[in-house]
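*Asks:*
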Ligand code: AHG
Ligand code: MN
Ligand code: MN
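Residue numbers (this note's numbering): -12 to 357.
1. Can you tell me where the beta strand (DSSP E) with residue 86 in it begins and where it stops?
2. For a quick check, are the C-beta atoms of residue 83 and residue 104 less than 7 Å apart?
3. Is residue 96 helix, strand or coil by DSSP?
4. Residue 70 and residue 88: beta carbons closer than 7 Å?
5. Out of 148, 292, 180 and 51, which has the shortest C-alpha to C-alpha gap to residue 41?
6. Specify, as a first and last residue, the run of the alpha helix (DSSP H) that residue 221 falls within.
7. Report the start-end ranges of each beta strand (DSSP E) in the stretch 274 to 321 that is 3 residues or longer and not cut off at the edges.
8. Are the Cβ atoms of residue 277 and residue 111 separated by less than 7 Å?
9. Would you say the beta carbon of residue 359 is closer than 6 Å to some non-hydrogen atom of ligand 3?
10. Hey, could you find the ends of the beta strand (DSSP E) residue 170 is sitting in?
11. So, for residue 192: in the same chain, excluding its five sequence neighbours on each side, which residues have a beta-carbon less than 6 Å away from its beta-carbon?
12. Threshold first: 4 residues or longer. Then list the alpha helix (DSSP H) segments lying entirely within the stretch -5 to 30, N to C.
13. Rounded to whole angstroms, what is the Cα-Cα separation between residue 313 and residue 1?
14. Going by beta-carbon coordinates alone, are residue 308 and residue 143 separated by less than 7 Å?
15. Might you give, ordered along the chain, the residues of its own chain that have their beta carbon closer than 7 Å to the beta carbon of residue 399, omitting 5 neighbours on each side?
16. Rounded to the nearest angstrom, how far is the Cβ of residue 13 from that of residue 20, given a contact under 8 Å?
17. Between residue 111 and ligand 1, is there a pair consisting of the residue's CB and a ligand heavy atom that are separated by less than 6 Å?
18. Taking all protein chains shown into account, do 16 or more other C-beta atoms lie within 10 angstroms of the C-beta of residue 327, making it buried, or fewer, making it exposed?
19. Could you tell me the alpha carbon to alpha carbon distance between residue 290 and residue 121, rounded to whole angstroms?
20. Unbroken alpha helix (DSSP H) runs of length 4 or more, entirely within the stretch 31 to 81: which are they?
21. For a test of your reading of the model: does the CB of residue 278 fall under 6 Å from any non-hydrogen atom of ligand 2? Yes or no.
22. Assuming residue 248 is part of the alpha helix (DSSP H), what are its boundary residues?
23. Does residue 330 pass the burial test, meaning 16 or more other C-beta atoms within 10 Å, or should it be called exposed?
24. Please list, in chain order, all residues of the same chain as residue 246 whose beta carbon is under 6 Å from its beta carbon, the five residues on each side excluded.
25. Heavy atom of ligand 2 less than 6 Å from the Cβ of residue 114, yes or no?
26. Return the CA-CA distance between residue 46 and residue 335, expressed in angstroms with no decimal places.
27. Could one say the Cβ of residue 65 lies closer than 7 Å to chain D's Cβ atoms, at least one of them?
28. Just to confirm, is the Cβ distance from residue 236 to residue 201 under 7 Å?
29. Express the C-alpha separation of residue 315 and residue 286 in angstroms, rounding to a whole number.
30. Suppose the cutoff is 7 Å on Cβ atoms and the five residues either side in sequence are ignored; what does the same chain contact list for residue 151 look like?
31. So for residue 91, helix, strand or coil by DSSP?
32. Compute every distance between the C-beta of residue 89 and the non-hydrogen atoms of ligand 3, then say whether any falls below 6 Å.
33. Secondary structure at residue 326, three-state DSSP: helix, strand or coil?
34. Quick check: is any heavy atom of ligand 1 less than 6 Å from the C-beta of residue 73?
35. Can you determine whether any heavy atom of ligand 1 sits closer than 6 Å to the C-beta of residue 206, and answer yes or no?
So this is what it looks like as structure tokens:
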């Protein structure tokens, strides 16, 4: 037994690998074998990306050309490497008829020489990539949709499906350990990459988000751009025991949505990248198709809630491939509370509150000193 192994070989052989899990799910639910094959390709891609990310500065980036992507963000070499791995690995399996990636302006077609299938794969190849240089957890987010009847060469419009039509969603984490979190619409399951046998292994079956929490995550540097309901909510949390909530809250901000959502799956919490006025052309920071929708499906499948503040995220009808959306997700009691604050604000109810933090006394009078 390796000095790094915590269990005997006998126990290891009885473990459920990701491959075994998706095959058993197919048998249990009668799902399409092609979906199993696609998820198998996704896990292989994630292993390659995990390896590239874990090598850090040792990984060769020779010949990798970076650009400003369609979001107007400067790509890192690993954004491009991860994108190419996903495209190459998943195009060849005969399960897809098209892909959409954060890093590509238009859908990527499946080359003529490969068999075509009925699924669409939408992904963020590296989420949180601003964290790469500082060696903090990043990940890959993916979403599986069905192409419409008879569609063999999908156009952008074929990908514009609300999250409630996702067949599967998941994310890989490249952190202290590498993981895949997956939902096929029957709960959420976490798999840890066992590098000794080269397999993701089921370590976190049926993950459930605690309904209550005393921890929230938001980029507080945007505070001056927030809407009053979000300011009201955060103000109450920050005031802790002596404020209206009567309890102390904790705050986290990793700047990698994958890491935030994983933390919430493990111990609960509230994650917010809400609507703000920073750039009037963008109703939020995160992208609907390959960040918000897959994470919303995972969070709901784990018993949490996911909303824009005004609408269930899974019901938002996309209008463009890279559309942004406000995101509030996590433990149900806190998401419900913040949703109520939005509704009260939209009804014009002037919820009085005193805020030493923001120096406002109501949800409407938001200027200092009023
Ligand atoms: P990406 O690296 O794919 O562009 O996504 C980063 C996202 C998300 O992971 C994170 O929650 C957020 O952007 C971080 O935003 P700030 O830079 O405002 O912290
Ligand atoms: Mn991202
Ligand atoms: Mn990204």
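Glycine included, each C-beta is placed from N, C-alpha and C at the ideal position.
These numbers come from a predicted model, not from an experiment.
*Replies:* With the given structure in hand:
1. 83 to 88
2. yes
3. strand
4. yes
5. 180
6. 215 to 225
7. 292 to 294 and 314 to 317
8. yes
9. In the structure as shown, the chain starts at -12 and stops at 357, and residue 359 therefore has no counterpart that could be examined.
10. 165 to 170
11. 176
12. -4 to 0 and 5 to 16
13. 43 Å
14. yes
15. Shown here, the chain extends from -12 to 357; a query on residue 399 therefore has no answer.
16. 6 Å
17. yes
18. exposed
19. 33 Å
20. 64 to 78
21. yes
22. 244 to 254
23. exposed
24. 124
25. yes
26. 55 Å
27. The structure shown has no chain D; it contains just one protein chain.
28. yes
29. 11 Å
30. 301 and 302
31. coil
32. yes
33. helix
34. no
35. yes
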